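A.B. asks: Here's a structure for you.
Numbering (the numbering used here), first residue to last: 3 to 351.
Right, dumping it as structure tokens:
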């Protein structure tokens with residue numbers, strides 16, 4: 003895959019039945035479409051995180067304040083994650099069932115592939131014009147207008163560029179949404195470059211207060227979670243020979259714990275496991291079915307786990323990726339070991 007694949011859109015995105023034509027500047031094209039749109043549906047991926055939902059809400063707030071009819075939705079879960087609910091200051095989030103079957107303008111945020119939209123993926127086929135905004139290197143490219151840049155640290159970075167091209171004022175409500183996505187997708191700025199830090203400074207200047215914004219998201223857990231975390235850490239296994247001798251540490255979260263706690267708690271496990279000094283790669287297998295596992299992978303930089311996950315049907319970023327796999331724990335771990343043993347190579351274009 004090239005660093006930033008060609009992006010295509012209808013020759014007149016707001017009124018065209020013609021074939022696709024090359025979009026020279028997809029960010030400006032997306033902004034132009036949104037500037038004229040009267041009705042916009044924004045989608046986050048299933049189990050939305052701060053980058054996906056933050057991007058959708060930031061764009062949605064700006065568009066609503068321009069007078070457009072706006073809704074934000076995701077296929078699952080049925081309710082808004084409580085750690086992200088405070089960012090929906092205008093009440094834009096609606097149930098998936100409330101999304102029109104034929105959206106006028108559809109904006110997809112932070113979905114590496116259509117399947118990440120779950121039951122709402124079909125809207126890409128029925129929307130009059132669709133805009134995809136994403137930064138995953140594994141994204142094959144989809145939608146009429148593709149704002150796709152794997153060099154961007156987070157999708158909120160691209161959402162900010164679209165908002166700038168739109169001429170939307172950067173108020174504190176929008177800035178909070180963008181900041182939440184930026185912090186979480188860069189693992190607390192550990193993977194952030196200069197541009198991300200400059201954006202963070204701009205968002206703080208717009209009124210973001212980092213500590214009270216981030217505490218409920220990252221540093222607040224129910225007391226009952228400690229026992230589950232203890233079980234997960236006690237079950238960690240270190241395989242020093244895996245990943246070409248760089249090391250793999252892994253553990254399992256059973257279905258009971260996965261169902262009993264918020265996504266924020268579940269996701270925090272891998273960020274603790276990844277701190278093992280003896281392992282380059284961390285893996286947490288979360289049981290989501292009888293023989294079905296949702297995997298979260300982390301790397302300290304020497305291994306591109308997005309490529310490892312892609313070999314297993316998933317995707318993500320160099321330092322953080324995931325996949326879903328059927329089988330026993332032993333079978334899935336065997337698949338991971340095999341994928342880690344494959345020499346790094348560019349993803350197929």
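The beta-carbon is built from N, C-alpha and C at its ideal position, and this holds for glycine as well. Quick caveat: nothing in here was measured; it's all calculated off a predicted structure.
If you follow the beta strand (DSSP E) that residue 228 is part of, which residue opens it and which one closes it?
C.D. replies: First-last for residue 228: 227–236, but that is the alpha helix (DSSP H), not the beta strand (DSSP E).
A.B. asks: Determine, using beta carbons only, whether residue 2 and residue 122 come nearer to each other than 8 Å.
C.D. replies: Because the chain in this structure spans residues 3 to 351, residue 2 falls outside the shown range and cannot be described.
A.B. asks: Compute the beta-carbon to beta-carbon distance between residue 92 and residue 45, rounded to the nearest angstrom, for a pair I have assumed lies under 8 Å.
C.D. replies: Their Cβ separation, rounded to whole angstroms, is 17 Å, which puts residue 92 and residue 45 out of contact at 8 Å.
A.B. asks: Just list the residues that DSSP pairs residue 300 with in beta bridges.
C.D. replies: According to DSSP, residue 300 bridges with 284 and 322.
A.B. asks: How many whole angstroms separate the CB atoms of residue 105 and residue 125, which I take to be in contact at a CB cut-off of 8 Å?
C.D. replies: Sure, about 6 Å apart at Cβ, within 8 Å.
A.B. asks: Output the residue ranges of the beta strand (DSSP E) runs that lie fully inside the region 103–142 and measure 3 residues or longer, sorted by chain position.
C.D. replies: Correct list: 107–111 and 131–136.
A.B. asks: Would you call the CB atoms of residue 241 and residue 235 closer than 8 Å?
C.D. replies: For residue 241 and residue 235, no; Cβs fall outside 8 Å.
A.B. asks: Measuring alpha carbon to alpha carbon, tell me which of 308, 246, 60 and 140 ends up nearest residue 115.
C.D. replies: That would be 140, whose Cα lies nearest to the Cα of residue 115.
A.B. asks: As an exercise, report each continuous alpha helix (DSSP H) stretch of at least 4 residues that is fully enclosed by the region 199–275, in chain order.
C.D. replies: Runs of the alpha helix (DSSP H) inside the region 199–275: 212–220, 227–236, 244–247, 257–262 and 265–275.
A.B. asks: Relative to the C-alpha of residue 282, which residue among 328, 342 and 29 is closest?
C.D. replies: Answer by Cα proximity: 342.
A.B. asks: Helix, strand or coil: how does DSSP classify residue 43 here?
C.D. replies: In the structure shown, residue 43 sits in a strand (DSSP, three-state: E or B).
A.B. asks: Should residue 330 and residue 293 be called a contact, given that it needs their Cβ atoms to be closer than 8 Å?
C.D. replies: Yes, Cβ-Cβ distance for residue 330 and residue 293 is below 8 Å.
A.B. asks: Identify the residues that DSSP records as bridge partners of residue 72: which are they?
C.D. replies: 42.
A.B. asks: Would you give the residue range spanned by the beta strand (DSSP E) that residue 148 belongs to?
C.D. replies: From DSSP, the beta strand (DSSP E) with residue 148 extends over 147–150.
A.B. asks: In angstroms, rounded to a whole number, what distance separates the CA positions of residue 216 and residue 181?
C.D. replies: Taking the straight line joining both Cα atoms gives about 9 Å.
A.B. asks: First and last residue of the alpha helix (DSSP H) that includes residue 64?
C.D. replies: Looking at the DSSP string, the run of the alpha helix (DSSP H) that includes residue 64 is 52–67.
A.B. asks: Mind reading off the beta-carbon distance from residue 147 to residue 31? Whole number of angstroms is fine, and I expect it under 8 Å.
C.D. replies: Between residue 31 and residue 147 the Cβ distance is about 5 Å, and since that is below 8 Å, they are a contact.
A.B. asks: Can you tell me the Cα-Cα spacing of residue 336 and residue 312, whole angstroms?
C.D. replies: Whole-angstrom Cα-Cα distance: 16 Å.
A.B. asks: With a Cβ-Cβ cutoff of 8 Å, do residue 60 and residue 179 count as a contact?
C.D. replies: Yes, the Cβ-Cβ distance between residue 60 and residue 179 is below 8 Å.
A.B. asks: Judging by CA-CA distance, which residue of 307, 163 and 69 is the nearest neighbour of residue 284?
C.D. replies: Per the Cα distances, 307.
A.B. asks: For residue 221, does the count of other Cβ atoms within 10 angstroms reach 16, so buried, or fall short, so exposed?
C.D. replies: It is exposed - the Cβ of residue 221 has fewer than 16 other Cβ atoms within 10 Å.
A.B. asks: If residue 272 and residue 300 are in contact, beta carbons under 8 Å, what's the gap, nearest whole angstrom?
C.D. replies: Their Cβ separation, rounded to whole angstroms, is 5 Å, which keeps residue 272 and residue 300 in contact under 8 Å.
A.B. asks: Just the Cα atoms here: how many angstroms apart are residue 170 and residue 290?
C.D. replies: Straight-line Cα distance between these residues: approximately 41 Å.
A.B. asks: What are the start and end residues of the alpha helix (DSSP H) that includes residue 341?
C.D. replies: Run containing residue 341: 331–343, per the alpha helix (DSSP H) assignment.
A.B. asks: Three or more C-beta pairs closer than 8 Å, one from the region 184–191 and one from the region 80–95: is that the case here?
C.D. replies: With a cut-off of 8 Å, the region 80–95 and the region 184–191 do not count as touching, because too few Cβ pairs lie within range.
A.B. asks: Looking only at its own chain, which residues have a Cβ that is under 6 Å from the Cβ of residue 230, when we skip the five neighbours before and after it?
C.D. replies: Cβ neighbours of residue 230 beyond the five flanking positions: 259.
A.B. asks: Could you give the first and the last residue of the continuous alpha helix (DSSP H) run that contains residue 184?
C.D. replies: Counting along the chain, the alpha helix (DSSP H) containing residue 184 begins and ends at 174–187.
A.B. asks: What residue range is occupied by the uninterrupted alpha helix (DSSP H) comprising residue 311?
C.D. replies: Unbroken alpha helix (DSSP H) run through residue 311: 307–313.
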